[in-house]
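Colleague:
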Amino acid sequence: MHETVDQHMLESILGRNNELAHHNREHFNELGLVAINIMSAPGAGKTTLLEKTLSSLSTDYDCSVIEGDMIGDLDAKRLQKYIPAVHQITTGKSCHLDAQMIARLLHAQKFGGTDYLFIENVGNLVCPAEFPLGEHKRVVLLSVTEGDDKPLKYPVIFHNCDVVVFTKCDLLPYVTFNMVKAKDSIQNLNPKAQCFELSVLNDTGVDNWLNWIKGMRS
Ligand SMILES: Nc1nc2c(ncn2[C@@H]2O[C@H](COP(=O)(O)OP(=O)(O)OP(=O)(O)O)[C@@H](O)[C@H]2O)c(=O)[nH]1
Ligand SMILES: [Mg+2]
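Each number in our numbering comes from the position in the sequence shown (counting from 1) with 586 added on.
1. Which residues bound the alpha helix (DSSP H) around K739?
2. Would you call the stretch 737 to 746 and the stretch 706 to 718 in contact, with 3 or more CB pairs under 8 Å?
3. Among N603, F752, L796, which has the Cα closest to the Cα of M815?
4. If you reduce the DSSP assignment to three classes, tell me which class N746 lands in.
5. Is any non-hydrogen atom of ligand 1 found closer than 6 Å to the C-beta of K667, if you look at the structure I gave you?
6. Look up G801 in the DSSP assignment and say whether it is helix, strand or coil.
7. Tell me, which residues are paired with H673 by DSSP?
8. Just to confirm before moving on: does the CB-CB distance between C747 and A768 stay below 7 Å?
9. By a C-beta neighbour count over all protein chains shown, 10 Å radius and 16 as the cutoff for buried, is M587 buried or exposed?
10. Using only the heavy atoms of ligand 1, determine whether one of them is closer than 6 Å to the beta carbon of K754.
Quick look at the structure:
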């Protein structure tokens, strides 16, 4: 009985989120910006990749960031060194951003003139997968220190994404991460997902990543 009620509640929450995500997407399209939702487990390298991305992209493009964290603004402060338009959302007890949080910000802030809106989700491989925000592209980071079994253990987020970025590839010689196995798992779950292998430490693969982003506006 409880399970049925909980299931109803969950479906209603997710249904409402999907409606608001649709509304956000319309806003993004009206504004003419490209919105990219960046998700991963805590510490996979989302903010570091954004630092690298903004340092390169912000000379030619107008970039904004929405930074999602349960508490504090440490990441927002890191990113404000590159661009002024960093908007913090503090989620409190919630382990993911949802479409309503983004909608509130969209109504409160001016995003006119923005080319790229990067959304750093709360570090979590589970919940962000269930809550689309209206973004155009969904990117999942998987650092090679997390283990090559993660696509099999957390399939929903890998199933529902456009891009998987393998981060910290400079550490591959020191960990047991099997790239072929990880890519096979992702291919089985989501044949359309594009994969990038990247290290921000030694710049490997960064150009491919930046070209993918720029390709969305060319
Ligand atoms: N060796 C190596 N370390 C990296 C790389 N990218 C990020 N790191 C390190 O990984 C740690 C976590 O990076 P963050 O960018 O803060 O990770 P995050 O995903 O934003 O973390 P949360 O916001 O807490 O979920 C930092 O110590 C980074 O310096 C990389 O390419 N190579
Ligand atoms: Mg971060």
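C-beta: ideal position from N, C-alpha, C; glycine also.
Nothing here was measured: the structure is a model prediction, and the numbers come from that model.
Modeller: For this structure:
1. Here residue 739 refers to the residue found at position 153 of the sequence shown. Unbroken alpha helix (DSSP H) run through K739: 736 to 739.
2. Counting Cβ pairs under 8 Å, three or more are found: they touch.
3. Lying outside 587 to 804, the shown extent of the chain, residue 815 is not represented and no answer is given.
4. Walking along the sequence shown from the start, residue 746 turns up at place 160. When DSSP states are grouped into helix, strand and coil, N746 belongs to the coil group.
5. For the purposes of this step, residue 667 is taken as residue 81 along the sequence shown, with counting starting at 1. For K667, the shortest separation between its Cβ and any heavy atom of ligand 1 does not lie below 6 Å.
6. Residue 801 sits at position 215 when you count from the first residue of the sequence shown. Judged by DSSP in its simplified three-state form, G801 adopts helix.
7. In the sequence shown, the residue the question calls residue 673 occupies position 87. BP columns for H673 point to I652.
8. Numbered from 1 along the sequence shown, position 161 holds the residue referred to as residue 747. Numbered from 1 along the sequence shown, position 182 holds the residue referred to as residue 768. No, the pair does not count as a contact, with Cβ atoms beyond the cut-off.
9. Counting from 1 along the sequence shown, the entry for residue 587 is found at position 1. Annotation note: pLDDT 49 at M587 (below 50); position unreliable, coordinate value reported separately. The residue is exposed, with fewer than 16 neighbouring Cβ atoms inside 10 Å.
10. By 1-based counting over the sequence shown, the position of residue 754 is 168. The answer is yes for K754.
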